[in-house]
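Chains W and A, in that order, give the protein sequences. FYI, the numbering used here numbers position 82 of the first sequence as 85, with every residue one higher than the one before it. FYI, the numbering used here numbers position 210 of the second sequence as 691, with every residue one higher than the one before it. Since the structure comes first, as structure tokens, the remarks are kept for the end.
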Amino acid sequence: MTAPRTAGRRPLPSNASAGDPSAVYLRSLIRSQLRVALVAAGAFGLLLAATAATLAFVPEVRAATVVGIPIVWIVLGGAVYPVVLLVAILFVRSVDRNEEHYRSLAAEEDA
Amino acid sequence: MNPLVGYLSIAVVVLSTVLIGFFGLRISRTTGDFYVASRTVRPWWNASAIGGEYLSAASVLGIAGLILLRGEAALWFPIGYTAGYLMLLLFVAAPLRRSGAYTIPDFTQARLESLPVRRVTSVLVIVIGWFYIVPQLQGAALTVGITTGLPRWIGAVAVALIVGVVVAAGGMRSITFVQAFQFWLKLTALAVPVVALLVVVRGGGLPVEVALPMPAPTGAAEAYQTGSLLLALLLGTMGLPHVLVRFYTNPDGRAARRTTLIVLGLLSVFYLFPTAFGVLGRFFAPDLAASGDADALVLLLPGRLIPGPVGDLLTALVIAGAFGAFLSTSSGLVVSLAGVVSQELLGGSVRGFRLAAIGSALVPLCVALLTEPSGLAGSVGLVFAFTASTLCPVLLLGIWWRGLTARGAIAGMAVGALTCGGAILTAPWVSSGMLAPLLAQPAAWTVPLATAVVVLVSRADRSRVPRGADRFLARLHIPEPVTERTER
């Protein structure tokens, strides 16, 4: 019961050097969290840009309608939002997993 | 329009806001309560409150008005407002919660160990807050003018007074309840009329195929403007003072992420309705676009399409929703401004907070009364551009890059503020030519410029990287102990 209590938020000692294992774990945690965030943001940005380009440059898509409503309105006015949510859910899952991983490493080192 | 409907509906919203505000007062007593509700607000409450605070006059009235005016191009506004929370989730939600700071100036000071950085950040937060409150008050003026026939300034004065007094009296705990209530009010206020209007339109066999064909966005200038606006909305959300302060009320970093996820869901549902309003407006109220009161579309459409008591009831509902938006966004802003002002100038006491709250409501009121209102969604978009060019680069780099220095942060914020602020101020005088779109939507060049300045100056200033940078980054990114979380 005592080990997990200290496993998570353990402030780095002030003299933490580059070789200190806890500093290495931390750096790798920050790097992997940033990578996940950048990948998610990049994927979302590309998707938006591709959507905008398709709507602007492919006249067939612009002309298409679903039950009388132009597809542009359906995509930009509604279909975009589930995509935002999907990106968000995938992101949260993956950063939570990174944190679990970090915790288990930190706990091992404590033991 | 029947003025009685306007009076009644405004009175009910104001009264319920004040009552819920003071009901909360009984449980908010300490300074900690006043600032961040002692960090015990649950994710669903918190998410509703964030939604309530975020959905301002620009969302409730402005988007529908802009769709009426500009058609398809306006659809990017709600996308940007929603995706701004995605960026917030990706880059700042959990680390900011773990930073343990109350306000953005607290964060920058702790991260960079520098008082001048704190001062610069505080000034920016205050300026941004004031200019975000102004369109809320202008929206209130428009609503009161259109629905009751009273002089427009009365609406702005009423909202500023109510917000100043409620915040000064109740602090943030009561504001959390008020804000959560406001979100559901706004959602109902737009959703019910939209459904009713769609039923009437379908049943009545009104001309549905007339108004949708809209000019496709053409030309590089328009593409640039849309892209630049989107960048401003995506990045600007992270730096908004009233949005950030609410993340400190989450119990831990994970909860901050959960809350943001719920917010994204709430916003995604909400924005379907102003969009639908705008589209309906293009069919049935194209004359409003020419009248200069396009922002009043949401207020007027139900009464036009559904005559009689049902129409009055729906009108009362949208008025309530709109007024809720002005009240909730302004009070959220006033809370965060008052927090910053009182810590900066008045010693951070409860009494200082109260004084600062009153002051934070009165300054924007003067600006709102003295300036000519422009489109609500557009003015809010410019505030986002300014935030994205000043606070956003410093926040992002402060969380993810240990090399950030105080000088770099100050230089970047100054360059961002001068270029973006300068562009916004000069844009009205430059209406044509190559420069016009660059000044009208400056984010696409001011954000990269400010970020580059922060990075380059910090690099040149490498010897002054704060000694505690590593320890602070550790605190931002190391997950909280499991036991602490499960015990709650």
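Just so it is clear, CB atoms sit at the ideal spot from N, CA and C, and this is done for glycine as well.
Can you give me the start and stop residues for the alpha helix (DSSP H) that residue i sits inside?
| i | result |
| --- | --- |
| Ala82(W) | Ala82(W) -> no alpha helix (DSSP H), and no H or E assigned at all. |
| Ile531(A) | Pro524 to Tyr535 |
| Ser811(A) | Gly789 to Leu826 |
| Val611(A) | Position check: residue 611(A) holds Trp in this sequence, whereas Val was assumed. Trp611(A) -> alpha helix (DSSP H) spans Leu596 to Thr629. |
| Thr907(A) | Ala887 to Thr907 |
| Pro576(A) | Ala574 to Ser580 |
| Met915(A) | Segment: none, Met915(A) is in no alpha helix (DSSP H) and carries neither H nor E. |
| Leu725(A) | Pro722 to Phe728 |
| Val45(W) | Rather than Val, the amino acid found at residue 45(W) in this sequence is Gly. Here the alpha helix (DSSP H) through Gly45(W) covers Pro24 to Phe60. |
| Gly829(A) | Counting along the chain, Gly829(A) falls outside any alpha helix (DSSP H), and DSSP gives it neither H nor E. |
| Asp733(A) | First-last for Asp733(A): undefined, no H or E at that position. |
| Ala950(A) | Ala950 to His958 |
| Thr871(A) | Leu857 to Trp881 |
| Thr584(A) | Run containing Thr584(A): none; DSSP gives neither H nor E here. |
| Val779(A) | Leu778 to Leu786 |
| Thr852(A) | Careful: Thr852(A) lies outside any alpha helix (DSSP H) and carries neither H nor E. |
Hey, residue i and residue j: beta-carbon distance below 8 Å or not?
| i | j | result |
| --- | --- | --- |
| Leu782(A) | Phe758(A) | yes |
| Lys667(A) | Val821(A) | no |
| Ala924(A) | Leu547(A) | no |
| Ser812(A) | Val638(A) | no |
| Leu596(A) | Pro947(A) | no |
| Ala528(A) | Ile839(A) | no |
| Ile544(A) | Ala554(A) | no |
| Tyr613(A) | Val864(A) | yes |
| Ala539(A) | Val816(A) | no |
| Leu715(A) | Gly565(A) | yes |
| Leu769(A) | Leu549(A) | yes |
| Ala530(A) | Arg735(A) | no |
| Ile959(A) | Leu79(W) | no |
| Ala672(A) | Phe754(A) | yes |
Exposed or buried, which one is residue i when buried takes at least 16 other CB atoms within 10 Å?
| i | result |
| --- | --- |
| Thr927(A) | buried |
| Phe60(W) | exposed |
| Val625(A) | buried |
| Leu788(A) | The residue you asked about is not Leu; residue 788(A) is Pro in the sequence shown. Under this definition Pro788(A) is an exposed residue. |
| Val750(A) | exposed |
| Arg835(A) | buried |
| Arg739(A) | buried |
| Arg940(A) | exposed |
| Thr907(A) | exposed |
| Gly487(A) | buried |
| Gly856(A) | buried |
| Gly897(A) | buried |
| Leu570(A) | buried |
| Gly630(A) | exposed |
| Phe94(W) | buried |
| Trp525(A) | exposed |
| Glu961(A) | buried |
| Gly889(A) | buried |
Within the same chain, show all residues whose beta-carbon is closer than 8 Å to that of residue i, passing over the 5 residues directly before and after it, in chain order.
| i | result |
| --- | --- |
| Ala892(A) | Val934, Val935 and Val938 |
| Trp881(A) | Phe572 |
| Val691(A) | Bear in mind that a pLDDT of 49 at Val691(A), under 50, signals an unreliable position, so the number given afterwards is only what the model happens to contain. Answer for Val691(A): Phe764, listed in chain order. |
| Val86(W) | Phe47 and Leu50 |
So, at 7 Å on beta carbons, what are the nonlocal neighbours of residue i in its own chain, with the 5 sequence-adjacent residues on each side left out?
| i | result |
| --- | --- |
| Gly954(A) | Note on identity: in this sequence residue 954(A) is Leu, with Gly being the wrong assignment. Once the five neighbours on either side are set aside, the close Cβ partners of Leu954(A) are Arg883. |
| Leu850(A) | Trp634 and Ala637 |
At a cut-off of 7 Å, would you count residue i as near the ligand SAM, judging by its Cβ distance to the nearest heavy atom?
| i | result |
| --- | --- |
| Gly546(A) | Absence of the ligand SAM from the depicted structure is noted, as is the absence of any ligand whatsoever, leaving it without description. |
Who are the near neighbours of residue i in its chain, counting only those whose CB is closer than 6 Å to its CB and skipping five residues on each side?
| i | result |
| --- | --- |
| Ala917(A) | Val911 |
| Gly717(A) | Phe865, Thr868 and Ala869 |
| Pro830(A) | Contrary to the premise, residue 830(A) reads as Ser rather than Pro in this sequence. Taken in chain order, the list of residues that qualify is empty. |
| Gly610(A) | Pro722, Leu814 and Leu818 |
| Ala978(A) | The shown model of chain A, from 482 to 969, leaves out residue 978(A), and the question about it has no answer. |
Mind listing which residues of the stretch 560 to 580 of chain A have their C-beta closer than 7 Å to chain W's C-betas, in chain order? If the cut-off is 7 Å between Cβ atoms, the stretch 560 to 580 of chain A has Ile560, Thr563, Ala564, Leu567, Met568, Leu570, Leu571 and Phe572 near chain W.
Contact list for the stretch 721 to 748 of chain A against chain W, Cβ threshold 9 Å: Gly734, Arg735, Arg738, Arg739, Thr741, Leu742, Leu745, Gly746 and Leu748
Residues in the stretch 876 to 894 of chain A having any Cβ partner in chain W nearer than 8 Å: Trp881
Interfacial residues, the stretch 68 to 87 of chain W to chain A, with Cβ spacing under 8 Å: Gly71, Ile72, Pro73, Val75, Trp76, Leu79, Gly80, Gly81, Val83, Tyr84, Pro85 and Val87
When Cβ atoms are compared, which residues of the stretch 32 to 61 of chain W fall closer than 7 Å to chain A? Leu32, Ile33, Gln36, Leu37, Ala40, Ala43, Ala44, Phe47 and Ala59
Check each residue of the stretch 847 to 874 of chain A: if its Cβ is closer than 7 Å to any Cβ of chain W, include it; give the result in chain order. none
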